[in-house]
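Novice: After the structure tokens below, expect a handful of questions from me.
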Ligand code: IFL
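Numbering (my numbering), first residue to last: 56 to 504.
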């Protein structure tokens with residue numbers, strides 16, 4: 056076939072232009088083939104977007120995800136696969152988990168730990184994170200990963216302080232001195248050498264190449280967000296005000312640093328909200344005003360904060376839910392004002408009568424879940440800033456091994472970390488009534504997409 060001369064000249068030129076535009080786009084984004092910027096969860100105003108659509112989700116907390124994926128003795132990949140399948144089948148597609156733990160003498164902290172000592176990392180557990188992320192990617196799930204802990208159960212900030220100063224750890228589970236423990240942990244924000252170790256650990260994870268699927272973590276859309284820590288606070292309510300400026304600067308500088316390593320992924324703090332900011336919503340706002348903090352988080356603990364008593368449920372339920380409603384409204388309205396999305400990234404409840412065993416009833420837990428979910432859905436449906444929840448916690452197929460429900464090294468992991476009774480807040484695979492509440496909510500949230 057004879058082509059017109061114009062076509063002969065212009066067709067190759069057009070092709071060249073298209074190819075160079077495509078290559079140019081790849082070069083600008085710097086992402087590997089097959090990964091587009093749109094595959095990452097992004098923030099637009101007060102909403103998350105994913106592949107051009109608003110992103111709403113139901114999630115959970117599985118702090119031990121990487122432990123199950125480990126190639127060490129603590130690993131159980133077969134269980135991890137079953138857990139992910141069960142979660143997915145129930146509409147739970149966003150998992151909040153620990154990326155780093157610190158080796159510690161604290162009596163209730165998990166063993167082994169990812170960070171054996173500053174600069175030295177447990178490759179078995181990092182391979183666990185590789186496996187976890189690779190399996191989540193296959194199921195189209197998103198991960199929220201925290202780099203540290205204000206609390207003792209994974210070593211955390213107090214372990215950094217102890218490594219650096221040589222001071223003995225203040226063990227709250229032995230001494231009951233919680234205020235002292237918190238103020239000791241808060242020293243972490245001010246110790247430059249501890250910050251260097253922490254940044255080295257962050258860089259090790261964020262720039263790691265996954266040994267299973269070959270993806271660099273910072274180019275993997277499976278990671279929705281990096282969190283600075285689990286529940287970072289400025290300190291105790293007594294001394295917190297003195298640490299607040301250091302805390303706020305730490306948030307800003309760390310979030311900026313993470314963004315420099317991971318420009319396509321989001322950064323959040325892991326905060327409990329006003330409760331984690333000395334019960335002052337203004338301090339929460341101030342701490343989260345940094346442009347490097349992409350979205351807000353808050354947690355809600357009806358029992359821990361003295362609102363609800365499972366041993367006296369009928370007398371405390373209504374007032375607890377009224378307080379919970381106020382707490383939710385306060386944070387959603389702050390997020391609307393700040394024009395950032397917000398996630399209720401922890402809330403949970405005990406089994407009836409404070410039991411821990413799977414098979415016992417969960418009437419009150421189911422009611423609390425249903426009411427909280429409904430409020431979140433209603434806010435989201437009217438266009439407010441809230442995008443999802445991560446209930447605490449997923450216990451799945453894990454079971455307590457000890458008669459007294461304590462966790463000992465080598466036992467199954469459940470949703471409850473080592474400092475708490477195994478089964479306290481865990482949702483097990485056999486909790487059909489709770490799973491049905493979760494599934495129903497997931498359908499509604501996904502219908503907003
Ligand atoms: O296990 C606790 C965890 O430390 C947390 N928040 C509350 C959980 C339940 O008490 O992050």
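Glycine included, C-beta positions come from ideal geometry on N, C-alpha and C.
Output the boundary residues of the alpha helix (DSSP H) element that contains residue 305.
Specialist: 295-316 is the span of the alpha helix (DSSP H), which, as asked, contains residue 305.
Novice: Roughly how many angstroms lie between the CA atoms of residue 82 and residue 90, to the nearest whole one?
Specialist: Bear in mind that the predicted position of residue 82 carries a pLDDT of just 42, short of 50, making it unreliable; the figure below should be weighed with that in mind. Looking at the two C-alpha atoms, the distance is approximately 12 Å.
Novice: If you follow the alpha helix (DSSP H) that residue 233 is in, where does it begin and where does it stop?
Specialist: Where residue 233 is concerned, the enclosing alpha helix (DSSP H) stretches over 233-241.
Novice: Can you list, in chain order, the residues of its chain whose CB lies under 7 Å from that of residue 387, leaving out five sequence neighbours each side?
Specialist: Cβ neighbours of residue 387 beyond the five flanking positions: 397, 434, 439, 440 and 441.
Novice: Pick out whichever of 210, 449 and 191 has its Cα sitting closest to the Cα of residue 228.
Specialist: Nearest of 210, 449 and 191 to residue 228, Cα basis: 210.
Novice: Give me the Cβ distance between residue 254 and residue 312, rounded to the nearest whole Å; I'm assuming they're in contact under 8 Å.
Specialist: The Cβ separation is near 6 Å, so the contact holds.
Novice: For residue 96, which residues of its own chain have a beta-carbon under 7 Å away from its beta-carbon, when the five flanking residues on both sides are left out?
Specialist: Cβ neighbours of residue 96 beyond the five flanking positions: 103, 105, 110, 197, 279 and 321.
Novice: Short of 7 Å in beta carbon distance, which residues of its chain neighbour residue 305, apart from the five on each side in sequence? Order them along the chain.
Specialist: Within the same chain, residue 305 has close Cβ partners 244.
Novice: So, helix, strand or coil for residue 491, using DSSP?
Specialist: Looking at residue 491 - three-state DSSP - the assignment turns out to be helix.
Novice: Could you give the distance in angstroms between the alpha-carbon of residue 390 and the alpha-carbon of residue 290?
Specialist: Each residue's alpha carbon lies about 24 Å from the other.
Novice: Exposed or buried, which one is residue 463 when buried takes at least 16 other CB atoms within 10 Å?
Specialist: When all chains shown are included, residue 463 counts as exposed.
Novice: What residues are listed by DSSP as bridge partners for residue 197?
Specialist: Note: residue 197 sits in a beta bridge opposite 149.
Novice: So does residue 472 have its beta carbon nearer than 8 Å to some heavy atom of the ligand IFL?
Specialist: At least one heavy atom of the ligand IFL is nearer than 8 Å to the Cβ of residue 472, so yes.
Novice: For residue 400, tell me which candidate among 350, 426 and 225 has the shortest Cα-Cα distance.
Specialist: Of the listed residues, the one whose Cα sits closest to residue 400 is 350.
Novice: How is residue 271 classed by DSSP in three states: helix, strand or coil?
Specialist: In the structure shown, residue 271 sits in a strand (DSSP, three-state: E or B).
Novice: Among 148, 219 and 158, which residue has its Cα nearest to the Cα of residue 193?
Specialist: Cα-wise, what sits closest to residue 193 is 148.
Novice: Who are the Cβ neighbours of residue 504 in its own chain at under 8 Å, not counting the five residues just before and after it?
Specialist: Result list for residue 504: 108, 109, 110 and 111, in chain order.
Novice: Reducing DSSP to helix, strand and coil, say where residue 282 ends up.
Specialist: Here residue 282 sits in strand by DSSP.
Novice: Using the three-state DSSP reduction, which class does residue 468 fall into: helix, strand or coil?
Specialist: In the structure shown, residue 468 sits in coil (DSSP, three-state: anything other than H, G, I, E or B).
Novice: Any idea what DSSP makes of residue 329, helix, strand or coil?
Specialist: Reduced to three states, the DSSP call for residue 329 is helix.
Novice: Should residue 486 be labelled buried (16 or more other beta-carbon atoms within 10 Å of its own) or exposed?
Specialist: Classification of residue 486: buried, given that the 10 Å Cβ count is 16 or more.
Novice: How would you label residue 416, buried or exposed, when you count the other beta carbons within 10 angstroms and need 16 or more for buried?
Specialist: By the 10 Å Cβ count, residue 416 comes out exposed.
Novice: What does residue 392 pair with, by DSSP beta-bridge criteria?
Specialist: Per DSSP, none; premise fails for residue 392.
Novice: Let me confirm a value: residue 286 is counted as buried when at least 16 other C-beta atoms fall within 10 Å, else exposed. Which label applies?
Specialist: Classification for residue 286: buried.
Novice: With a threshold of 8 Å, are at least 3 pairs of Cβ atoms found where one atom belongs to the stretch 206-226 and the other to the stretch 340-349?
Specialist: They do not touch, by the three-pair rule.
Novice: By DSSP's criteria, residue 399 is part of a beta bridge. Which residues make up the other side?
Specialist: Answer is 353 and 444.
Novice: Touching or not, the stretch 127-138 and the stretch 350-362, by the rule of three or more beta carbon pairs under 8 Å?
Specialist: With the cut-off at 8 Å, the stretch 127-138 and the stretch 350-362 do not touch.
Novice: So what's residue 366 in DSSP terms, helix, strand or just coil?
Specialist: In the structure shown, residue 366 sits in coil (DSSP, three-state: anything other than H, G, I, E or B).
Novice: Using the C-alpha atoms, what's the distance from residue 236 back to residue 86?
Specialist: Rounded to whole angstroms, residue 86 to residue 236 spans 43 Å at the Cα level.
Novice: What is the residue span of the alpha helix (DSSP H) that residue 358 lies within?
Specialist: Run containing residue 358: none; DSSP gives neither H nor E here.
Novice: Please report the residue range of the alpha helix (DSSP H) in which residue 259 lies.
Specialist: Counting along the chain, the alpha helix (DSSP H) containing residue 259 begins and ends at 247-261.
Novice: I need the DSSP call for residue 81, collapsed to helix, strand or coil.
Specialist: Here residue 81 scores only 43 on pLDDT, less than 50, and its place in the model is too uncertain to base an answer on.
Novice: Name the DSSP bridge partner or partners of residue 413?
Specialist: Residue 413 is bridged to 415.
Novice: DSSP puts residue 103 in a beta bridge; with which residues?
Specialist: In DSSP, residue 103 forms a bridge with 98.
Novice: Could you tell me which residues DSSP puts in a beta bridge with residue 451?
Specialist: Paired residue(s): 483.
Novice: Can you tell me whether residue 265 is helix, strand or coil according to DSSP?
Specialist: If DSSP states are grouped into helix, strand and coil, residue 265 belongs with coil.
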